[in-house]
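Trainee:
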Amino acid sequence: MRLIILGITGLVGRKICQIIEERKLNFDEILGFASTASVDEKILLNNQEILVKDLNEVFDYLDEKTYVLSSLEENITKEIIPKIREKAIVIDNSSVFRLNDDVPLCVPEINKEVLKNHKNLIANPNCTTIQLVLVLHPLRRLGEIKRVVLTSLQSVSGAGQNALEEYFYELEFLAIGDEVVKSTDSPFPYIIADNLIPFIGEFNEEGYCKEELKIINETRKILNLPNLDITATTIRVPISHCHSISLYAEFENSVEKEKIIEELGKENYLKVLKEEIPLPLIAKEKDLVYVGRIRKIDEKRYWFFIVADNLRRGAATNAVLILEELLKL
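Residue numbers (UniProt numbering): 1 to 329.
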């Protein structure tokens, strides 16, 4: 049995390697592929060096016993993944196929049953969506969720390695007291250091940005609530890692705060903070989703604050959990 990691030298690709090692997953062969610029780079995994191969060579290594974890850019994904899925099983981290009716969108703790009907392609959800639904899922056991309103505060690593490098580059200006200037090839539309950008991705005609639509539509699909009243604002903030969510949830029925805390506490992937403040710093390099600042408006309406590591829990860990479930089928 073979495992192939596409985009192995990127932020998510490297994190996937780390998590595979932590979870002691073993394959007969593990191969890594990336763009031409990363060819022959060496990645250490399970005490073995993986020599990165050119992405175009991947077709020489595909068969029905091969699993592929892909973390490629969207334009490359659109071109290459439909061809790869003809010969191997693919778990894709991009947004390209997430809303396709014939592609499972999976968070294993919530809807692993959708994997049974996969057609060689499974989509890994958006990083913010994952931590959101992992909180909404136990909440809906307490009653129908009538409305969801959220604001996400998303770290720069969510935009990739180039974004992280741009952030650190701009921080150097602040460190020496100079006016911040972004690089000519910055992935951000505005300066990110000492600033925030209240949208992520292109706008539609109604003024929603692409990231907001991802969260809205993916949440409905994962929870199988196509008519869920949900709206979102996404903000890129000047921190390196971990995403945060300010969440408003309204129930159809009355729910006691103590019951909410009790229900959330039943999930081993959640850490309910009663006194401690949920900070990005405590979530970094963890697979837990932290939820705190639970505030009661009235018997039906509550506020929550949620933080999680976007590269681990919001991307790589979920992909590996999907892989583990597929291996059981």
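Yeah, the Cβ is synthetic: ideal placement off N, Cα and C, and Gly gets one too.
For the region 274-292 and the region 178-192, state whether three or more C-beta atom pairs, one from each stretch, are separated by less than 8 Å.
Mentor: no
Trainee: Fully enclosed by the region 188-244, which beta strand (DSSP E) runs are 3 residues long or longer?
Mentor: 229-236
Trainee: Report buried or exposed for P302, applying the criterion of at least 16 other Cβ atoms within 10 angstroms of its Cβ.
Mentor: Taking the sequence shown and counting its residues from 1, the one referred to as residue 302 is at position 302. Here residue 302 is Tyr; the residue named in the question, Pro, does not match the sequence. Burial call: buried.
Trainee: Do the CB positions of E263 and G143 come within less than 8 Å of each other?
Mentor: As a first step, residue 263 must be located in the sequence shown, where it is residue number 263. As a first step, residue 143 must be located in the sequence shown, where it is residue number 143. For E263 and G143, no; Cβs fall outside 8 Å.
Trainee: Kindly give me the distance between the Cβ atoms of K300 and D229, rounded to whole angstroms, as I take these residues to be in contact under 8 Å.
Mentor: Residue mapping note: residue 300 aligns to position 300 of the sequence shown, counting from 1. Residue mapping note: residue 229 aligns to position 229 of the sequence shown, counting from 1. Going by Cβ atoms, the distance from K300 to D229 rounds to 13 Å, so no, they are not a contact pair.
Trainee: Can you check which of these residues, T129, E165, N120 and R23, is closest to G10 by C-alpha distance?
Mentor: Within the sequence shown, residue 10 is the residue found at index 10, counting from 1. It is E165.
Trainee: Could you tell me the distance, in whole angstroms, from the CA atom of S38 to the CA atom of L6?
Mentor: Counted from its first residue, the sequence shown places residue 38 at position 38. Counted from its first residue, the sequence shown places residue 6 at position 6. Distance between the alpha carbons of S38 and L6: 12 Å.
Trainee: Taking C-alpha atoms, which residue in I261, K266 and S71 lies nearest to P160?
Mentor: Counting from one through the sequence shown, the residue named residue 160 turns up at place 160. Note on identity: in this sequence residue 160 is Gly, with Pro being the wrong assignment. The shortest Cα separation from G160 among I261, K266 and S71 belongs to S71.
Trainee: Do the CB positions of I245 and S152 come within less than 8 Å of each other?
Mentor: Numbered from its first residue, the sequence shown carries residue 245 at position 245. Numbered from its first residue, the sequence shown carries residue 152 at position 152. It is a contact, given that the beta carbons lie within the stated cut-off.
Trainee: Please determine, among S35, N26, D298 and N56, the residue with the shortest C-alpha to C-alpha distance to N47.
Mentor: Along the sequence shown, one-based indexing puts residue 47 at 47. Comparing Cα positions, the closest option is N26.
Trainee: Which parts of the UniProt domain "Semialdehyde dehydrogenase NAD-binding" (2-118) are runs of the beta strand (DSSP E), unbroken and 3 residues or longer, counting only runs that do not cross its ends?
Mentor: 2-6, 29-34, 42-45, 48-51, 66-70 and 89-92
Trainee: Among all the DSSP beta bridges, which residues are the ones paired with F304?
Mentor: Your numbering for residue 304 matches position 304 in the sequence shown. Answer by DSSP bridge pairing, in chain order: L247.
Trainee: Are the Cβ atoms of A193 and E170 separated by less than 8 Å?
Mentor: Against the sequence shown, residue 193 aligns to sequence position 193. Against the sequence shown, residue 170 aligns to sequence position 170. Their beta carbons are under 8 Å apart, which means A193 touches E170 by this criterion.
Trainee: Are at least three pairs of beta-carbons, each pair with one atom in the region 100-116 and one in the region 62-79, less than 8 Å apart?
Mentor: no
Trainee: Compare the beta carbon distance of T233 and E212 with 8 Å and say whether it is the shorter of the two.
Mentor: As a working mapping, residue 233 is identified with position 233 in the sequence shown. As a working mapping, residue 212 is identified with position 212 in the sequence shown. Yes; because the gap between Cβ atoms is below 8 Å, this pair is in contact.
Trainee: Going by C-alpha distance, which of V255, Y290, R295 and K259 is nearest Y269?
Mentor: Taking the sequence shown and counting its residues from 1, one reaches residue 269 at position 269. With distances taken between Cα atoms, Y269 lies closest to Y290.
Trainee: Taking buried to mean at least 16 other C-beta atoms within 10 Å of its own C-beta, is G314 buried or exposed?
Mentor: Taking the first residue of the sequence shown as 1, we reach residue 314 at position 314. Buried: at least 16 other Cβ atoms inside 10 Å.
Trainee: Measure the alpha-carbon distance for C106 versus I306 and round it to whole angstroms.
Mentor: Your numbering for residue 106 matches position 106 in the sequence shown. Your numbering for residue 306 matches position 306 in the sequence shown. Going by the C-alpha atoms only, they are around 20 Å apart.
Trainee: Quick one: Cα of residue 390 to Cα of L311, how far?
Mentor: Within the shown structure, residues of the chain are numbered from 1 to 329, placing residue 390 beyond reach of any answer.
Trainee: Pick from N120, V148, R141 and V58: whose alpha carbon is nearest that of T129?
Mentor: Position 129 of the sequence shown holds residue 129. Ranking N120, V148, R141 and V58 by Cα distance to T129 puts V148 first.
Trainee: Which word fits G32, buried or exposed, when buried means at least 16 other C-beta atoms lie within 10 angstroms of its C-beta?
Mentor: Reading the sequence shown from its first residue, position 32 is the one you call residue 32. When all chains shown are included, G32 counts as buried.
Trainee: Could you tell me the alpha carbon to alpha carbon distance between D101 and L121, rounded to whole angstroms?
Mentor: As a first step, residue 101 must be located in the sequence shown, where it is residue number 101. As a first step, residue 121 must be located in the sequence shown, where it is residue number 121. Cα-Cα distance, rounded: 12 Å.
Trainee: If you follow the alpha helix (DSSP H) that I130 is part of, which residue opens it and which one closes it?
Mentor: In the sequence shown, residue 130 corresponds to position 130, counting from 1. First-last of the alpha helix (DSSP H) with I130: C127 to L139.
Trainee: Between which two residues does the beta strand (DSSP E) harbouring A123 extend?
Mentor: The sequence position of residue 123 within the sequence shown is 123, counting from 1. L121 to A123 is the extent of the beta strand (DSSP E) around A123.
Trainee: List the endpoints of the continuous alpha helix (DSSP H) containing K146.
Mentor: As a first step, residue 146 is located in the sequence shown; it is residue number 146 there, counting from the start. Run containing K146: none in the alpha helix (DSSP H); it sits in the beta strand (DSSP E), I145 to Q154.
Trainee: Using a Cβ-Cβ cut-off of 8 Å (strictly less than) and excluding sequence neighbours within five positions of P125, which residues of its own chain qualify?
Mentor: Looking up residue 125 in the sequence shown gives position 125. Closer than 8 Å at Cβ, skipping near neighbours: R98, L105, C106, V107, V133, E218, I222 and N318.
Trainee: So, V68 versus I91, is the Cβ gap smaller than 8 Å?
Mentor: By 1-based counting over the sequence shown, the position of residue 68 is 68. By 1-based counting over the sequence shown, the position of residue 91 is 91. Yes; because the gap between Cβ atoms is below 8 Å, this pair is in contact.
Trainee: Can you tell me whether I261 is helix, strand or coil according to DSSP?
Mentor: In the sequence shown, counting from the first residue as 1, residue 261 sits at position 261. I261: helix per DSSP, three-state reduction.
Trainee: Tell me the DSSP secondary structure of K284 in three-state form.
Mentor: Counting from 1 along the sequence shown, the entry for residue 284 is found at position 284. Reduced to three states, the DSSP call for K284 is coil.
Trainee: When we look at the beta-carbon of F203 and count the other beta-carbons within 10 Å, is it buried (16 or more) or exposed?
Mentor: Position 203 of the sequence shown holds residue 203. Exposed, because fewer than 16 other Cβ atoms sit within 10 Å of the Cβ of F203.
Trainee: Name the residue from R140, F173, I200 and I191 whose alpha carbon lies nearest to the alpha carbon of G158.
Mentor: Here residue 158 refers to the residue found at position 158 when the sequence shown is read from its first residue. Comparing Cα-Cα distances from G158 to each of R140, F173, I200 and I191, the minimum goes to I200.
Trainee: Which same chain residues, not among the five before or five after I88, have their C-beta less than 8 Å away from its C-beta?
Mentor: On the sequence shown, position 88 is the one that residue 88 refers to. Just to set this straight, residue 88 is Ala in the shown sequence, not Ile. Result list for A88: I4, L62, D63, E64, T66, Y67, V68 and N120, in chain order.
Trainee: So, helix, strand or coil for L273, using DSSP?
Mentor: The residue you call residue 273 lines up with position 273 of the sequence shown. Residue state, collapsed to three classes: coil.
Trainee: Which residue's Cα is closest to the Cα of R236: N227, L45, K210 and F304?
Mentor: Translated into the one-based positions of the sequence shown, residue 236 becomes position 236. Considering only alpha carbons, the answer is K210.
Trainee: Classify D54: buried if its beta carbon has 16 or more other beta carbons within 10 angstroms, exposed otherwise.
Mentor: For the purposes of this step, residue 54 is taken as the residue at position 54 of the sequence shown. Looking at its Cβ environment, which holds fewer than 16 other Cβ atoms inside 10 Å, D54 is exposed.
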